[in-house]
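In this note's numbering, the protein residues as written are 11 to 254.
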Amino acid sequence: MGTWREQLEADGFALLPGVVSPAAVAGALAEWNAVSAANAADPAILANDGPAYGARNLLQMWPSVVSLVRVPSLREPLIDVLGPGAGVVRGLFFDKPPGHTWALPWHKDYSIAVAEHRGGTVLTKPTTKAGVPHVLASPEVIRVMLTARIHLDDATADNGALRVIPGSHVRYEMGRDDPRDPVTVCCQAGDVLLMRPLLTHSSGHSAPGANRHRRIVHLECAPSPALPDGYEWHAFHAIGDTTC
11 MGTWREQLEA DGFALLPGVV SPAAVAGALA EWNAVSAANA ADPAILANDG
61 PAYGARNLLQ MWPSVVSLVR VPSLREPLID VLGPGAGVVR GLFFDKPPGH
111 TWALPWHKDY SIAVAEHRGG TVLTKPTTKA GVPHVLASPE VIRVMLTARI
161 HLDDATADNG ALRVIPGSHV RYEMGRDDPR DPVTVCCQAG DVLLMRPLLT
211 HSSGHSAPGA NRHRRIVHLE CAPSPALPDG YEWHAFHAIG DTTC
């Protein structure tokens, strides 16, 4: 199959098994439970007449979550791909609680979180999500970014594991993807999936009767603090920094 780096370049994703220890996974789950309870009224916590199924603004709500990418077994691959000036620029949380499943259609991740809307020709289509300004990233910006999906539970076909189209990261527009069969990316708790934001991906419903969570910390990373059009990231946490 080749190395994880070769797979990332060829397919747009690569699985790093066992990156986060069981103790660190348990600690992260305990922290998330406390954070989500303390911020239950925040519109950044996504819930629909049931337990939270996701959250935006994770870097502000849970600053210590950045420590998950600073363990050497993840920090080193991220810096290997992005360079020594890399940082985490946005964090999301996803879950599919038992009895409260959901799905997402095929898509690519184009939006980035910025400090403020400034106009310009490279970063366009300003929106606001849970109080945070976002823009549509240009191909030049989004192609060099990398997302780390840190699994706090096993992810299987039964509880809605991610599905991806290998090689689709080379195209900015979904309609131009080369025809490839989708792949279901099954992971164990502690595994990290590295993926390019332009990788076309989807997420299906959990199977009827599935009784397991599918909790994932989704951290988007960029090679440097620099952005075009005079923009600044809404947050930038250096990956090589060992302090939180």
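We put the CB at the ideal spot given by N, CA and C, even for glycine.
Computed from a predicted model, the values in this text were never measured in an experiment.
query                                                                                                                                                       : result
Taking the alpha-carbon of Val124 as reference, which of Arg159, Ala44, Ala147 has the nearest alpha-carbon?                                                : Ala147
So is the beta-carbon of Thr210 under 7 Å away from any non-hydrogen atom of the ligand COA?                                                                : Looking for the ligand COA in the displayed structure turns up nothing, as the structure carries no ligands at all.
What does the alpha-carbon distance come out to for the pair Glu242 and Pro218?                                                                             : 44 Å
Rounded to whole angstroms, what is the Cα-Cα separation between Pro235 and Leu78?                                                                          : 20 Å
Taking Ile152 as part of the alpha helix (DSSP H), name the residues at either end of that continuous run.                                                  : 149 to 152
Just tell me which of Leu172, Leu208, Gly250 has its CA closest to the CA of Met184.                                                                        : Leu208
How about Val4 and Leu203: are their beta carbons less than 8 Å apart?                                                                                      : One cannot answer for residue 4 here, as it falls past the ends of the chain, which runs 11 to 254.
Suppose the cutoff is 8 Å on Cβ atoms and the five residues either side in sequence are ignored; what does the same chain contact list for Trp14 look like? : Ala24, Leu25, Leu26, Pro87, Leu204
Around the C-beta of Glu3, are 16 or more other C-beta atoms found within 10 angstroms, so that it is buried, or is it exposed?                             : The chain is shown only over 11 to 254; residue 3 falls outside these bounds and no answer can be derived.
Can you give the Cα-Cα distance for Ala40 and Phe104, rounded to whole angstroms?                                                                           : 15 Å
With respect to the alpha helix (DSSP H) encompassing Ile89, which residues constitute its N-terminal and C-terminal limits?                                : 82 to 92
Less than 8 Å between the C-beta atoms of Val99 and Cys197, yes or no?                                                                                      : no
Go ahead and pull the three-state DSSP assignment for Pro73.                                                                                                : helix
In the DSSP assignment, what are the bridge partners of Pro143?                                                                                             : Thr138
Would you identify the three-state DSSP class for Arg159, choosing helix, strand or coil?                                                                   : strand
Decide if Thr137 is buried, meaning its Cβ has at least 16 other Cβ atoms within 10 Å, or exposed.                                                          : exposed
Could you give the DSSP three-state label for Glu242: helix, strand or coil?                                                                                : coil
Based on the DSSP secondary-structure assignment, which residues constitute the bridge partners of Ser213?                                                  : Leu114, Leu172
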